[in-house]
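See structure below.
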Amino acid sequence: MESDPQSTRRLRPVDLARAHGVSTQAVRNYEEAGILPAAARTEHGYRAYTPLHARALRTFLALVPGHGHRTAAAVMRAVGEGAVEEALRLIDESHAQLLADRRTLESVELALQGLES
Numbered sequence: 000m001e002s003d004p005q006s007t008r009r010l011r012p013v014d015l016a017r018a019h020g021v022s023t024q025a026v027r028n029y030e031e032a033g034i035l036p037a038a039a040r041t042e043h044g045y046r047a048y049t050p051l052h053a054r055a056l057r058t059f060l061a062l063v064p065g066h067g068h069r070t071a072a073a074v075m076r077a078v079g080e081g082a083v084e085e086a087l088r089l090i091d092e093s094h095a096q097l098l099a100d101r102r103t104l105e106s107v108e109l110a111l112q113g114l115e116s
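Letter by letter, the sequence shown follows residues 0 to 116 in numbering that gives the first Met the number 0.
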């Protein structure tokens with residue numbers, strides 16, 4: 000895929016889906032949820048995606064494992080609305096929660112080690 004997000008190269012939903020290992024229905028759902036920007040339509044009403052959509056989908060799919068679907072979706076919606084500070088706040092909040100979770104797990108691990116003694 001082209002790296003220029005402003006490229007006029009058009010991708011069909013199936014092209015975008017296959018390139019990212021998701022279904023075409025997932026692509027449509029992500030667009031409807033505001034995770035992906037709205038697609039242009041061809042003269043016959045078919046969705047026409049661009050490298051910008053591919054970049055957005057790659058970004059969303061990269062965020063999900065670390066931050067979860069809900070936070071990743073909220074980040075992508077914020078970015079799509081131009082609210083970069085909100086997107087960064089959401090990521091910072093998620094990082095803080097991950098750190099708290101890690102500390103909890105470390106405490107549990109220490110407690111379990113104490114039971115073995």
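Note that the Cβ used here is the ideal one computed from N, Cα and C, for glycine as well.
- With contact defined as three or more Cβ pairs closer than 8 Å, the segment 27 to 43 and the segment 76 to 87 are in contact.
- Short of 6 Å from the beta carbon of residue 48, and not among the five residues preceding or following it, lie these beta carbons of its own chain, in chain order: 10, 15 and 38.
- Residue 73 is positioned such that its CB atom lies closer than 8 Å to that of residue 89.
- Taking C-beta atoms as the reference points, residue 46 and residue 40 count as a pair closer than 8 Å.
- It is roughly 22 Å from the alpha-carbon of residue 13 to the alpha-carbon of residue 62.
- No Cβ-Cβ contact shorter than 8 Å links residue 58 with residue 93.
- Around the CB of residue 105, fewer than 16 other CB atoms lie within 10 Å, so the residue is classed as exposed.
- With 16 or more neighbouring CB atoms inside 10 Å of its own CB, residue 50 falls in the buried class.
- Sequence-distant partners of residue 66 (beyond 5 residues in either direction) whose C-beta falls short of 6 Å from its own C-beta, in its chain, are 93.
- Assignment of residue 10 by DSSP, reduced to helix, strand and coil, places it in the strand class.
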